[in-house]
Every structure is written in C-alpha cells, then in structure tokens.
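Trainee:
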Amino acid sequence: MDRRISKTKKAIQKAYFELLKEKKQGRIMISEITRLANVDRKTFYLHYASTEDIIREFAESKVNELVERVISGDVTSGQLAVRVFSVFNEMIGENRELLRFLSDSDAYDYFFGQIKSLLVERLLQGEEVDHGIYSRAQIEIYVEFFVSGIVSSYVRWIREELPCSIEELAENVGIVTFGGLQAIAGKSI
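The sequence shown begins at 2 in our numbering and counts up one residue at a time.
#1: Give me the Cα-Cα distance between V130 and S166, rounded to the nearest whole angstrom.
#2: Can you name, in chain order, every residue of its own chain whose Cβ lies under 8 Å from the Cβ of I116, other than the five neighbours on each side?
#3: Using a threshold of 8 Å, state whether the C-beta atoms of N90 and A171 are closer than that.
#4: Please list, in chain order, all residues of the same chain as F18 whose beta carbon is under 7 Å from its beta carbon, the five residues on each side excluded.
#5: Taking the straight line between their C-alpha atoms, what separation do you get for A12 and R157?
#6: Helix, strand or coil for S32? Go by DSSP, reduced to three states.
#7: In three-state DSSP terms, what is I134?
#8: Would the beta-carbon of F102 fall within 8 Å of that of I56?
#9: Throw me the rounded Cβ distance for the L124 and V148 pair, which I believe falls under 8 Å.
#10: Report the three-state DSSP secondary structure of R42 (helix, strand or coil).
#11: To which residues of the same chain is T35 closer than 7 Å at the C-beta, ignoring the five residues directly before and after it?
#12: To which residues of the same chain is I142 closer than 6 Å at the C-beta, ignoring the five residues directly before and after it?
#13: Quick check: the Cα distance between I190 and R5, rounded to an integer number of angstroms?
#14: Output the distance between the C-alpha atoms of E162 and E169, rounded to the nearest integer angstrom.
#15: Is it the case that the Cβ atoms of M30 and L67 are separated by a distance below 8 Å?
#16: How big is the Cα-Cα spacing for S154 and V174?
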C-alpha cells in the first residue's frame, strides 16, 4: 500500500477512535472525523464508505495480526491452541483501553461481530482439510460455538464484568474450550 494512503487511513482511524473515547454513546459524524484527521470528506469517502468500514478494517487488521503472530512463532501442532490464547491475550492487553471504549459504544456489536466472523472464517478456511469423523456442518457448528463463547468471555472481561486477571480468563476459557463442560464440572453432564 502506498505510504500516503496508509498515512491518511491511519489519521482517519486515529481520529475516529479518539472521538469514540470522547463521545462514548454518541453518534460520530464523518465531518467530525475529517476535521480531526485534517482531511476533506472526499478523501474520507475515497477510503471508507462509512464509519463501519473503519471498524471492519480495524477488526480485519487485528485478526490478520493475530494469525501472523501465531504462525510466526515456533510452535508444534500440539501447542498451537496455547499459542493462539497467548497471542490473543497479548493483543487484548495491548488494545484494552481502545477495546473498552468500543465495548461501551454503539460500535460494539459491529466490531466484536466482525472479530467473531473473521475468526470463524479463518478457522474454517480450507475445504480440503480432513475433518476426521466430523462432517463439515458439524465442524462449522463447533467452531461457531467456541469462537462465540471465547469472544463473549473476553468482551465481558474488557467491560470489567468478570473479576479476574487476563491470565485467569485465558486459563479458564482454555479449560472449557479444550475440555468441554465436563472439564469444569468434574463429572458427566
């Protein structure tokens, strides 16, 4: 991407997120974003169709960053899940303040919906993957279920609705993700 385009997009994103912190529940107008980013409306619409596009692009960049950080590490297949949670925790910690503002804003559902959809899509990529005894439909249901639960748990933590550290959250989400409800109940359910 051209450096000028990248610089302009970053200015627009930065302006949007600054306004989000200030306004919380209020609607953010394109004119406010362009004024703060020091670009004109035409430039904004050259890069984005709406404020939702800013959020979508941010969500995509975070999912891509997550994937890149996971695969850049030297991880055996058995340790992949642990690496995903580790990187996810790092990214949540690095972006916690911004994510907290997003979770309190009107953009919340859209942003976290995008994150969930992108994660599900990434996990389901590759029709040629051998799913063993499970059908493609079963795999899609399982992935949707677990990603939804994981994202929901982290959102509640970001909103400070769960009284635990991010490490405790990751450990417990990992236990239920990889062991199911039986792992936490200690008996057959």
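Backbone N, C-alpha and C define an ideal beta-carbon position, used for all residues, glycine too.
Mentor: Quick look at the numbers:
#1: Your numbering for residue 130 matches position 129 in the sequence shown. Your numbering for residue 166 matches position 165 in the sequence shown. No answer about V130 holds up, because its pLDDT of 49 lies below 50 and its placement is not dependable.
#2: As a working mapping, residue 116 is identified with position 115 in the sequence shown. If we look at I116 and ignore the five residues flanking it on each side, its Cβ neighbours are A60, K63, V64, V152.
#3: Taking the first residue of the sequence shown as position 1, residue 90 is located at position 89. Taking the first residue of the sequence shown as position 1, residue 171 is located at position 170. Contact: yes.
#4: Here residue 18 refers to the residue found at position 17 when the sequence shown is read from its first residue. Closer than 7 Å at the Cβ level, and outside the excluded window around F18, lie L99.
#5: Working through the sequence shown from its first residue, we reach residue 12 at position 11. Working through the sequence shown from its first residue, we reach residue 157 at position 156. Their backbone Cα atoms lie some 29 Å apart in a straight line.
#6: In the sequence shown, counting from the first residue as 1, residue 32 sits at position 31. Correct three-state label for S32: helix.
#7: Start at 1 with the first residue of the sequence shown, and residue 134 comes out as number 133. I134 falls in the coil class under three-state DSSP.
#8: Your numbering for residue 102 matches position 101 in the sequence shown. Your numbering for residue 56 matches position 55 in the sequence shown. No.
#9: To locate residue 124, count along the sequence shown from 1; it is residue 123. To locate residue 148, count along the sequence shown from 1; it is residue 147. Yes, L124 and V148 are in contact; Cβ-Cβ is about 7 Å, under 8 Å.
#10: Mapped onto the sequence shown, residue 42 falls at position 41. The answer is helix: DSSP assigns R42 an H, G or I state.
#11: Residue numbering aside, residue 35 sits at position 34 when the sequence shown is read from its first letter. Hits under 7 Å: D41, R42, F45.
#12: For the purposes of this step, residue 142 is identified with residue 141 of the sequence shown, where counting begins at 1. Within the same chain, I142 has no close Cβ partners at all.
#13: One-based indexing of the sequence shown puts residue 190 at position 189. One-based indexing of the sequence shown puts residue 5 at position 4. Here the model assigns I190 a pLDDT of 45, short of 50, so the residue's position is not dependable, and the following value carries that caveat. Rounded to the nearest angstrom, the two C-alpha atoms are 57 Å apart.
#14: For the purposes of this step, residue 162 is identified with residue 161 of the sequence shown, where counting begins at 1. For the purposes of this step, residue 169 is identified with residue 168 of the sequence shown, where counting begins at 1. If I take the Cα positions, the gap works out to 14 Å.
#15: Here the question's residue 30 lines up with position 29 in the sequence shown. Here the question's residue 67 lines up with position 66 in the sequence shown. No.
#16: Locating residue 154 in the sequence shown gives position 153, counting from the first residue. Locating residue 174 in the sequence shown gives position 173, counting from the first residue. Roughly 8 Å between the two C-alpha positions.
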